[in-house]
Amino acid sequence: MAPIALSFGTALALVVASAWLGALAACASGDGERPAGPRAPASGATAGASPASEDGPDARAARGRLVEQVARTTPGLDPKVLAVLREVPRHLFMPGTGLADAYADNAFPIGHRQTISQPTVVAIMTDALRLRGDERVLEIGTGSGYQAAVLSRLAREVDTIEIVAPLGEEARERLARLGYRNVQVRIGDGYRGWPELAPFDRILLTAAPPELPATLVEQLADGGILVAPVGEADDQILARWTKHGPALDRELLGGVRFVPMVSATPER
Ligand code: SAH
Numbered sequence: 014m015a016p017i018a019l020s021f022g023t024a025l026a027l028v029v030a031s032a033w034l035g036a037l038a039a040c041a042s043g044d045g046e047r048p049a050g051p052r053a054p055a056s057g058a059t060a061g062a063s064p065a066s067e068d069g070p071d072a073r074a075a076r077g078r079l080v081e082q083v084a085r086t087t088p089g090l091d092p093k094v095l096a097v098l099r100e101v102p103r104h105l106f107m108p109g110t111g112l113a114d115a116y117a118d119n120a121f122p123i124g125h126r127q128t129i130s131q132p133t134v135v136a137i138m139t140d141a142l143r144l145r146g147d148e149r150v151l152e153i154g155t156g157s158g159y160q161a162a163v164l165s166r167l168a169r170e171v172d173t174i175e176i177v178a179p180l181g182e183e184a185r186e187r188l189a190r191l192g193y194r195n196v197q198v199r200i201g202d203g204y205r206g207w208p209e210l211a212p213f214d215r216i217l218l219t220a221a222p223p224e225l226p227a228t229l230v231e232q233l234a235d236g237g238i239l240v241a242p243v244g245e246a247d248d249q250i251l252a253r254w255t256k257h258g259p260a261l262d263r264e265l266l267g268g269v270r271f272v273p274m275v276s277a278t279p280e281r
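The structure is reproduced here in structure tokens:
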């Protein structure tokens, strides 16, 4: 096992536990805490900035505590990843959810029988991508847009694909409103990737296919890294693949439970 797998040993037990909850959780979305109306990004916002106006001191404090907990239970995470988790207002990606749920280390329902990933899982997957700041990243499974927002603060550009149209549209609107300008959302089937924009320096799957999709491997740049959960519902492994010419190295990161990557387009 690579050193990264060892340092994530503790966290992966958590991943298994709460990703289970996430996968089993019922659909629950609402409008209770949705910020009113569209808003301009904070003044002086650069690409990827989040507006302080919608993010109060209580939310910041709760987020700070959550990130401390993530750092404690998952030693060895890149401090840059932790800094971004401290900054991106997860509760604004979970309308209708109170701060206690938004800043607990759990997956949570976002409607359409999908979930926003557990913060520890977001931290581990983001860390595993080894972003330096100049990459173009493809994400499969936009969901709420939270993971894309996190990636956008650590990479040059994030292109993200969501198969459930209402989720993708909501995430697109939310990311634009919050000022994440280096993210584009496509409604479509992630199994096809985004051929017009390929190759990608990094690819992240946040839904689990039964096996690694060949099309996505083709769309990975030479030297690029792909992180994905792969396998059937109760037998999934999170892994990192690195492309070296025609060869593909694989490192196993641990057992997980994600929602399945579907190939039909049921809600378009
Ligand atoms: N990254 C998200 C959470 C992802 S949940 C966040 O930060 O909130 C997994 C998402 O993958 C769901 O929204 C689901 O609809 C989507 N999905 C499943 N199969 C897909 C496919 N073939 N192509 C694109 N998206 C898919």
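Position one of the sequence shown corresponds to residue 14 (this note's numbering), numbered consecutively onward.
The C-beta atom is built at its ideal place from N, Cα and C for all residues, glycine as well.
Exercise for the section: For Q197, verify whether its CB is less than 6 Å away from any heavy atom of the ligand SAH. Expected result: no
Practice task
Determine the direct distance from the alpha carbon of A220 to that of A241, and round the result to whole angstroms.
Solution key: 8 Å
Practice task
Determine the direct distance from the alpha carbon of G156 to that of L191, and round the result to whole angstroms.
Solution key: 16 Å
Exercise for the section: Please go through the region 74-161 and give each complete alpha helix (DSSP H) segment of 4 or more residues, from N-terminal end onward. Expected result: 92-100, 112-115, 132-141
Problem - Pairwise C-alpha distance: T87 and P54 - result: Annotation note: pLDDT 38 at P54 (below 50); position unreliable, no value reported.
Practice task
Drop a sphere of 10 angstroms on the beta-carbon of S276, count the other beta-carbons inside from all chains shown, and report buried for 16 or more, exposed for fewer.
Solution key: exposed
Handout entry: Bridge partner(s) assigned by DSSP for D247
Key = According to DSSP, which records beta bridges pairwise, D247 is partnered with nothing at all.
Exercise for the section: Identify, in the order they occur along the chain, each residue of the same chain with its Cβ nearer than 7 Å to the Cβ of A75, setting aside the five sequence neighbours on each side. Expected result: L112, Y116
Problem - Nearest-angstrom Cα separation, counted from G181 out to L105 - result: 15 Å
Practice task
Please classify T228: is it buried, with 16 or more other beta-carbons within 10 angstroms of its beta-carbon, or exposed?
Solution key: exposed
Practice task
Could you tell me whether any Cβ in chain D is nearer than 7 Å to the Cβ of H104?
Solution key: Protein chain content of the structure displayed is limited to a single chain, and chain D is not contained in it.
Problem - Pick from R205, G89, H125, R166 that is closest to L98, judged by C-alpha positions - result: R166
Exercise for the section: Name the one or two DSSP bridge partners that L167 has. Expected result: None; L167 has no bridge partner.
Exercise for the section: Using DSSP bridges, identify the partner residues of L239. Expected result: I216, W254
Exercise for the section: Report yes if the CB atom of E175 is closer than 7 Å to the CB atom of R149, and no otherwise. Expected result: no
Problem - Spatially closest choice to R215 from V101, P102, T139, L90, by CA coordinates - result: T139
Practice task
Compute the minimum distance between the beta carbon of L180 and the heavy atoms of the ligand SAH, and state whether it is under 6 Å.
Solution key: yes
Practice task
Please determine if the region 230-250 and the region 194-212 are in contact, where contact requires at least 3 C-beta pairs separated by less than 8 Å.
Solution key: yes
Handout entry: Cα-Cα separation between D248 and G267, rounded to whole angstroms
Key = 11 Å
Practice task
Assign L8 to one of three DSSP states: helix, strand, or coil.
Solution key: It is not possible to answer for residue 8, since the shown part of the chain is limited to 14 through 281.
Problem - Beta-carbon proximity of V163 to V80, cut-off 7 Å - result: no
Exercise for the section: Excluding the 5 residues preceding and the 5 following G203 in the sequence, name in chain order all residues of the same chain whose CB lies nearer than 6 Å to its CB. Expected result: I153, I174
Exercise for the section: Give the straight-line distance between the Cα atoms of G258 and G236, rounded to the nearest whole angstrom. Expected result: 7 Å
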